[in-house]
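Peer 1: Structure provided below as structure tokens; questions to follow.
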Amino acid sequence: MFQLFSRAKTANQFRARNAARDAETDAARVGSIVGAIEAALLAAQAEHAGLSERLHDVLARAAITVGTETDEYIDRAPEDTALQNQFSTEIANGERRLRELETSMGHYQFLKTVLATRFPEHAAADGAK
Numbered sequence: 000m001f002q003l004f005s006r007a008k009t010a011n012q013f014r015a016r017n018a019a020r021d022a023e024t025d026a027a028r029v030g031s032i033v034g035a036i037e038a039a040l041l042a043a044q045a046e047h048a049g050l051s052e053r054l055h056d057v058l059a060r061a062a063i064t065v066g067t068e069t070d071e072y073i074d075r076a077p078e079d080t081a082l083q084n085q086f087s088t089e090i091a092n093g094e095r096r097l098r099e100l101e102t103s104m105g106h107y108q109f110l111k112t113v114l115a116t117r118f119p120e121h122a123a124a125d126g127a128k
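Taking numbering that gives the first Met the number 0, the leading residue of the sequence shown gets 0, the next gets one more, and so forth.
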């Protein structure tokens, strides 16, 4: 059995990697996770900003079509009522999506915080970049 070990050539002997190279590999792994979380956070923030702007626009248009009289809904044209209903649906959908995005952004921020606490040596390196 030991003859197998003695026949091994010196070039085929086991060697561990350099500690600096191991640290670089670990940093690259954590960095890819941080990058993915950051990309998701930035995409959610951009979607939130765009949707929020469009929602404000539709709220303004809906306010104009409602009118200013207290009984205007009684003699409102059917197409205006249909438009109001469509605005109401779109506003509700937009507000729902904004809440979902806010929740997601909170989760992404939490993940960034967790990574910074679990891998502080890599978080410090990422902060320096």
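Virtual Cβ for every residue (Gly too), placed ideally from N, Cα, C.
Return yes when the C-beta of His-47 is under 7 angstroms from any heavy atom of the ligand SAH, and no when it is not.
Peer 2: This structure simply doesn't include the ligand SAH, nor any ligand for that matter.
Peer 1: Take Ile-32 and list the residues in its own chain whose beta-carbon comes closer than 8 angstroms to its own, dropping the five residues that flank it on each side.
Peer 2: By 1-based counting over the sequence shown, the position of residue 32 is 33. Leu-114, listed in sequence order.
Peer 1: Could you compute how far the alpha carbon of Glu-101 sits from the alpha carbon of His-47?
Peer 2: Sequence index remark: in the sequence shown, residue 101 carries index 102 (1-based). Sequence index remark: in the sequence shown, residue 47 carries index 48 (1-based). If you take the alpha carbons of Glu-101 and His-47, they lie about 8 angstroms apart.
Peer 1: If you scan the region 74-116 from start to end, which runs of the alpha helix (DSSP H) of 4 or more residues do you find wholly inside it?
Peer 2: Fully enclosed alpha helix (DSSP H) runs of 4 or longer: not present.
Peer 1: In whole angstroms, what separates the C-alpha of Thr-88 from that of Asp-79?
Peer 2: As a position in the sequence shown, residue 88 is number 89, starting the count at 1. As a position in the sequence shown, residue 79 is number 80, starting the count at 1. Each residue's alpha carbon lies about 14 angstroms from the other.
Peer 1: Residues in the same chain with beta-carbon distance under 8 angstroms from Leu-50, minus the five sequence neighbours each way, listed in chain order, please.
Peer 2: Within the sequence shown, numbered from 1, the residue matching residue 50 stands at position 51. Taken in chain order, the residues that qualify are Gly-93, Arg-96, Leu-97, Leu-100.
Peer 1: Can you round the beta-carbon distance between Tyr-107 and Ala-39 to whole angstroms, since I take them to be within the 8 angstroms contact cut?
Peer 2: Reading the sequence shown from its first residue, position 108 is the one you call residue 107. Reading the sequence shown from its first residue, position 40 is the one you call residue 39. Correct: roughly 5 angstroms between the Cβ atoms.
Peer 1: How should Thr-112 be labelled, buried or exposed, when 16 other C-beta atoms within 10 angstroms of its C-beta is the threshold for buried?
Peer 2: As a working note, residue 112 is residue 113 in the sequence shown. By the neighbour-count rule (16 or more Cβ atoms within 10 Å), Thr-112 is not buried but exposed.
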